[in-house]
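Numbering (this note's numbering), first residue to last: 981 to 1550. Ideal Cβ placement from N, Cα and C applies to all residues, glycine included. Below is one structure, written out as structure tokens; the observations come after it.
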Ligand code: PEP
Ligand code: MG
């Protein structure tokens, strides 16, 4: 099958099919004689679930930290809750209902109560009740739960899609590949796969229908191919490809400590995108000169309640200290669109990507926003922090957000707390209006970072997740090149720098062109950095500028790509 090559590398393994099954219970009544057996069935399921949760908690503490693991402690507490589980037992005894039905009905009862509460925190607990209830119910029904925390070696996960919590729970030591029905290069599954360095092919349409558990499978994350039940020849061929990919990686590793500089001495910065403090390890491993995008929304998404200032401060400080005074661009909360928080219910929207998200949401929730700003400012005392606002569409938003930063500084000063008074402030340029008015906004900020993932979807009116129109999602479209050029020029006139943190920055095909357009900072997944550095170190700035000049005159994306090929092969 052919899909989208979302994370490079070759994986040869066995399928683990992640199916989110519908849990159906029978409504068959039981006799008095069966009560004891049904209660025992429930109690056994609860005990097994507790063991699962303990394992998950331990694993999450090791991999992600105490904070992220708290959710599993809360879930375990629900299993001991007498009102909840006591009610299930009573239902079995008093109403002669089977364990599955008693559990499903009681779970729904509490779920409905929590969902109807006004208090947002309590409302969000309904999701926990359902999660725990379903976990126990699966055991009662004898449905092997999709437990991703304990997998066989060489597992390839095949799924409709993977949620951030799926990947959090995953037994990463044993997963060698991903294949999913939906998703593209910029989907969150893709971003996660690259940061975990797991080969992935996404957007396969119906791979979940084509495979069964334990089928042999090959994932070619380089070319986007998946081979189901491979022959001996296939396996030999892909083992060879895997070996040559690894050799290439070893060659690239020699560049880790060398500067990102062209042959004629033009220096740029190659930095990494990260999602959590854990990603620092990978960034440093591949010689990142800083962090160009720290997507802080994962801190919020992995928590069961709004992370407080202290929690955020610790996370940001960990990143800043881990990067040892190198620049770290911390993006403020970019939630909304496809990214949701259980504990922050938002209205359903017709067009969530054009809706109430990111900076729009933060400016309306000032206290929530200021909590994050204070945490960043305070962490700034421990390294070289930059603040970056996502989804800016006009200068008013920039001014308002900056005013809130000033308010936070004043508060911290009054409290006698340490913070970075001179923190650099920038914006993501990912909405066309910000790109077109970059000359105006440049006067208000210290830097730009171009978010091509969204800039492409908004400029070209192409949903970044929709496979049917993915042929239109093209960063080499002359419209995008012109916008990129406008943004870079506007920042240089104001003595600022422009980076790029969208996926385009790490595309080996785009690097030379972006260099020629004058991009100062290239931010990408840790794994892509060395390839980009190799391209930059093998060229002359004058050549790249020549390419950029010609590309800006090109009439179509095909023409741009042909030009790039000529220069790469020259
Ligand atoms: C972007 O839009 O290019 C970007 C980097 O942000 P995200 O992918 O998180 O939307
Ligand atoms: Mg974006």
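Straight-line Cα distance separating residue j from residue i
| i | j | result |
| --- | --- | --- |
| residue 1336 | residue 1225 | 43 Å |
| residue 1389 | residue 1268 | 30 Å |
| residue 1275 | residue 1547 | 34 Å |
| residue 1414 | residue 1120 | 54 Å |
| residue 1022 | residue 1071 | 12 Å |
| residue 1090 | residue 1097 | 11 Å |
| residue 1187 | residue 1501 | 38 Å |
| residue 1357 | residue 1255 | 19 Å |
| residue 1249 | residue 1109 | 47 Å |
| residue 1440 | residue 1482 | 15 Å |
| residue 1166 | residue 1466 | 24 Å |
| residue 1118 | residue 1124 | 7 Å |
| residue 1252 | residue 1514 | 16 Å |
| residue 1333 | residue 1348 | 21 Å |
| residue 1533 | residue 1169 | 36 Å |
| residue 1484 | residue 1490 | 6 Å |
| residue 1460 | residue 1270 | 26 Å |
| residue 1344 | residue 1543 | 46 Å |
| residue 1184 | residue 1448 | 12 Å |
| residue 1538 | residue 1488 | 16 Å |
| residue 1289 | residue 1352 | 6 Å |
Which listed residue (the options) has its alpha carbon closest to that of residue i
| i | options | result |
| --- | --- | --- |
| residue 1462 | 1529, 1250, 1482 | 1529 |
| residue 1128 | 1515, 1153, 1018, 1166 | 1153 |
| residue 989 | 1513, 1176, 1291 | 1176 |
| residue 1401 | 1371, 1457, 1436, 1359 | 1359 |
| residue 1424 | 1490, 1399, 1382, 1362 | 1382 |
| residue 1257 | 1231, 1247, 1308 | 1308 |
| residue 1432 | 1407, 1393, 1405, 1480 | 1480 |
| residue 1105 | 1116, 1093, 1115, 1114 | 1093 |
| residue 1246 | 1533, 1018, 1519 | 1519 |
| residue 1283 | 1476, 1164, 1040, 1019 | 1040 |
| residue 1178 | 1506, 1521, 1299 | 1506 |
| residue 999 | 1140, 1508, 1297, 1055 | 1140 |
| residue 1230 | 1265, 1320, 1242 | 1265 |
| residue 1331 | 1363, 1316, 1028, 1292 | 1316 |
| residue 1553 | 1027, 1054, 1025, 1024 | Within the shown structure, residues of the chain are numbered from 981 to 1550, placing residue 1553 beyond reach of any answer. |
| residue 1057 | 1112, 1006, 1079 | 1112 |
| residue 1215 | 1241, 1197, 1499, 1009 | 1197 |
| residue 1073 | 1114, 1009, 1051, 1426 | 1009 |
Where the alpha helix (DSSP H) containing residue i begins and where it ends
| i | result |
| --- | --- |
| residue 1366 | Unbroken run through residue 1366 is the beta strand (DSSP E), 1364 to 1369; no alpha helix (DSSP H). |
| residue 1488 | 1488 to 1497 |
| residue 1215 | 1212 to 1233 |
| residue 1022 | 1015 to 1043 |
| residue 1464 | 1458 to 1473 |
| residue 1526 | 1521 to 1533 |
| residue 1549 | 1537 to 1549 |
Span of the beta strand (DSSP E) around residue i
| i | result |
| --- | --- |
| residue 985 | 984 to 987 |
| residue 1138 | 1135 to 1139 |
| residue 991 | 990 to 998 |
| residue 1257 | Per DSSP, residue 1257 belongs to no beta strand (DSSP E) and is neither H nor E. |
| residue 1337 | Counting along the chain, residue 1337 falls outside any beta strand (DSSP E), and DSSP gives it neither H nor E. |
| residue 1200 | 1196 to 1200 |
| residue 1311 | 1307 to 1311 |
| residue 1236 | Segment: none, residue 1236 is in no beta strand (DSSP E) and carries neither H nor E. |
| residue 1181 | 1180 to 1182 |
| residue 1299 | Segment 1289 to 1302 is the alpha helix (DSSP H) holding residue 1299; no beta strand (DSSP E) there. |
One or two residues paired with residue i in a DSSP bridge
| i | result |
| --- | --- |
| residue 1429 | 1408, 1479 |
| residue 1332 | Answer by DSSP bridge pairing: none, since residue 1332 is not bridged. |
| residue 958 | This structure gives no information on residue 958, because the portion of the chain shown stretches from 981 to 1550. |
| residue 1241 | 1247 |
| residue 1160 | 1139 |
| residue 1319 | 1316 |
| residue 1279 | For residue 1279, which the question treats as bridged, DSSP gives no partner whatsoever. |
| residue 1376 | Bridge partners of residue 1376: none, in fact. |
| residue 1274 | 1254, 1310 |
| residue 939 | Nothing about residue 939 can be reported from this structure: the residues present for the chain run from 981 to 1550 only. |
| residue 1155 | 1135 |
| residue 1205 | 982, 1200 |
Cβ distance (whole Å) where residue i is taken to contact residue j below 8 Å
| i | j | result |
| --- | --- | --- |
| residue 1412 | residue 1438 | 6 Å |
| residue 1420 | residue 1368 | In fact, because the Cβ distance is near 18 Å, the residues do not count as touching under 8 Å. |
| residue 1201 | residue 987 | 5 Å |
| residue 1238 | residue 1517 | 7 Å |
| residue 1492 | residue 1524 | 5 Å |
| residue 984 | residue 1272 | Not a contact, Cβ separation roughly 23 Å. |
Worksheet item: In chain order, what residues place their C-beta within less than 5 Å of a heavy atom belonging to the ligand FMN?
Response: This structure does not include the ligand FMN; its bound ligands are the ligand PEP and the ligand MG.
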